[in-house]
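Q: As numbered in my numbering, residues 655 to 979 make up the sequence shown, in order.
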Amino acid sequence: MRGYRLKSSDRIVVQPWRRWGLGVAAAALAGMCGLASLPSASAANTKAAAPLKVYISVDMEGIAGVVTGDQLIPGGFEYERFRRFMTDEAVAAVRGAQAAGATEVVVSDSHGNGESLLIELFPKDVRIVRSWPRHGEMMAGLDSSFAAALFVGYHASTTNPKGVRAHTISSAHFTRVGLNGTAITEAELNAAYAGALGVPVVFASGDDAAITEITARLGNMESVVTKKTLGFHSAETLTPAAAVEKIYQGALSAVAHRDQRKPYVVSTPVTLDISFKSYTAAEIVSYLRSVERTDAHSIRFVGRDMAEVMDFIVFLDYYSPEMAP
Ligand SMILES: [Zn+2]
């Protein structure tokens with residue numbers, strides 16, 4: 655999700671991309687990625703189909719071409735172009751899902767400030783979850799009425815020695831996130847959250863390290879490798895246009911064959927282990943009687959269910975006494 659973290663004191667500053675005026679950038683980039691050539695769901699298909707709700711969680715580190723903070727962070731010299739590429743990959747997944755019969759699609763803007771996707775470029779019947787904090791975090795808005803979840807632009811975990819910008823939740827603060835005794839990826843955490851609601855994850859895209867890790871933990875599924883990892887800050891990548899085509903086809907096939915995937919369910923109560931980079935974070939969080947300090951840098955929290963565990967993660971990631979308003 656977040657390969658960086660603003661200091662809480664930075665949050666009230668007007669971010670430069672707002673000052674630049676997004677409309678100008680979006681207009682300048684319009685037509686770059688060839689999405690118009692993709693088929694969209696026909697009106698006849700949409701009207702005839704039974705209700706089919708699909709949830710798409712979109713991160714940015716796994717988008718084709720992303721290799722450094724230059725693409726990931728507002729103010730980076732390529733950020734405005736790459737938020738367009740991220741949007742194009744998300745729209746390709748939406749259109750693939752719709753072509754497979756999805757009648758309702760919710761897209762979660764799950765990277766950085768949660769405000770990267772260019773919402774004006776989505777089909778008008780899509781809804782988009784934006785900004786933080788929020789219950790469910792990268793899966794906010796998901797409920798048991800959805801038939802399938804898709805992950806676009808995902809990355810490897812913080813305990814994986816491979817993977818472009820590999821991290822779990824917060825690269826700035828967490829060195830390990832574990833669920834029921836096993837180190838996890840964001841994809842596994844989010845799949846477990848979806849699984850508790852009975853929703854299977856049917857598709858993932860990201861770099862090769864991410865896809866290897868995700869399928870090892872969640873089982874084989876439709877996936878798209880957008881780039882080959884050469885290092886934390888290097889990859890051999892598909893072009894944006896090639897990634898969009900593959901994601902459209904992958905999402906279409908994944909939603910069409912969603913019945914082949916089962917929800918990923920973890921046993922309850924759920925044990926969450928978090929290791930912090932800093933010593934004092936572990937110390938002060940362990941003042942809570944519901945938290946056990948397991949070593950100098952690590953704490954353990956046991957939640958009744960995935961919803962409680964996700965809320966606790968959001969709390970750890972966001973709380974600061976300087977929060978305002
Ligand atoms: Zn991210």
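We treat Cβ as the ideally placed atom computed from N, Cα and C, and that holds for glycine.
Tell me the DSSP bridge mates of Y808?
A: In the DSSP assignment, the residues bridged to Y808 are G860.
Q: Could you tell me the boundaries of the beta strand (DSSP E) in which T893 lies?
A: First-last for T893: undefined, no H or E at that position.
Q: When you compare only the Cα positions, how much space is there between M960 and A897?
A: 32 Å
Q: Between the C-alpha atoms of F739 and S859, what's the straight-line distance to the nearest angstrom?
A: When rounded, the distance between both Cα atoms is 14 Å.
Q: Whole angstroms is fine: what's the gap from P917's alpha carbon to V909's?
A: 14 Å
Q: How far does the alpha helix (DSSP H) with F736 in it reach, from first residue to last?
A: Y733 to A753
Q: Closer than 7 Å by C-beta to D797: which residues in its own chain qualify, once you throw out the five before and the five after it? Chain order, please.
A: Around D797: L851.
Q: Let me know the secondary structure DSSP gives E769 once reduced to three states.
A: coil
Q: Note the first and the last residue of the continuous alpha helix (DSSP H) segment covering G885.
A: Where G885 is concerned, there is no enclosing alpha helix (DSSP H), although the beta strand (DSSP E) it sits in stretches over E876 to G885.
Q: Tell me the rounded alpha-carbon separation between T836 and H821.
A: 15 Å
Q: Would you report the Cα separation of R735 and Q725, rounded to the nearest angstrom?
A: 8 Å
Q: Helix or strand or just coil, what does DSSP make of G957?
A: strand
Q: On a Cα-Cα basis, can you pick out the residue from H809, V759 and K931 that is closest to H765?
A: Relative to the Cα of H765, the nearest Cα in the group H809, V759 and K931 belongs to H809.
Q: So, for L804: in the same chain, excluding its five sequence neighbours on each side, which residues have a beta-carbon less than 8 Å away from its beta-carbon?
A: V708, Y709, I710, S711, A747, A751, V855, V856, F857, A858, A905, A908 and V909
Q: Would you check whether ligand 2 has a heavy atom nearer than 7 Å to the C-beta of E791?
A: Absence of ligand 2 is noted for the structure shown, with ligand 1 being the only ligands found.
Q: Exposed or buried, T934, counting other C-beta atoms within 10 Å across all chains shown (16 or more means buried)?
A: When all chains shown are included, T934 counts as exposed.
Q: Can you tell me whether F969 is buried or exposed? The criterion is at least 16 other CB atoms within 10 Å of its CB, across all chains shown.
A: The Cβ neighbour count for F969, taken over all protein chains shown within 10 Å, is under 16; the residue is labelled exposed.
Q: Using the Cβ count rule (16 or more neighbours within 10 Å means buried), how would you classify A841?
A: buried
Q: Below 8 Å on the Cβ atoms is my guess for G795 versus V760; work out the distance and round it to an integer in Å.
A: 5 Å
Q: Report the residue from P705, R915, I823 and G719 whose alpha carbon sits nearest the alpha carbon of Y972.
A: I823
Q: Rounding to the nearest angstrom, what Cα-Cα distance links I928 and F828 in this structure?
A: Using only the alpha carbons, I get a separation of about 7 Å.
Q: Between V783 and A846, how many whole angstroms is the CB-CB distance? I'm expecting something under 8 Å.
A: By a beta-carbon distance limit of 8 Å, V783 does not contact A846. Their separation comes to about 19 Å.
Q: Just checking my contact of D763 with L771 at CB under 8 Å: how many whole Å lie between their CB atoms?
A: Yes, they are in contact, since the Cβ atoms of D763 and L771 sit about 4 Å apart, within 8 Å.
Q: Nearest-angstrom Cα distance between V806 and L884?
A: Rounded to the nearest whole angstrom, the CA to CA distance from V806 to L884 is 20 Å.
Q: Would you say the beta carbon of H765 is closer than 7 Å to some non-hydrogen atom of ligand 1?
A: Placement of the Cβ of H765 at a distance of less than 7 Å from at least one heavy atom of ligand 1 is found.
Q: Round the Cβ separation of V720 and V818 to the nearest angstrom and send it over; I've been treating them as touching at under 8 Å.
A: Rounded, the Cβ-Cβ distance is 7 Å, consistent with contact.
Q: So, for P979: in the same chain, excluding its five sequence neighbours on each side, which residues have a beta-carbon less than 8 Å away from its beta-carbon?
A: none
Q: When we look at the beta-carbon of H951 and count the other beta-carbons within 10 Å, is it buried (16 or more) or exposed?
A: buried
Q: For I717, which residues of its own chain have a beta-carbon under 6 Å away from its beta-carbon, when the five flanking residues on both sides are left out?
A: Closer than 6 Å at the Cβ level, and outside the excluded window around I717, lie F739, M740, E743 and G807.
Q: Output the distance between the C-alpha atoms of S799 and A704, rounded to the nearest integer angstrom.
A: Looking at the two C-alpha atoms, the distance is approximately 13 Å.
Q: At a cut-off of 7 Å, is D965 close to ligand 1 when judged by its beta-carbon and the heavy atoms of the ligand?
A: no
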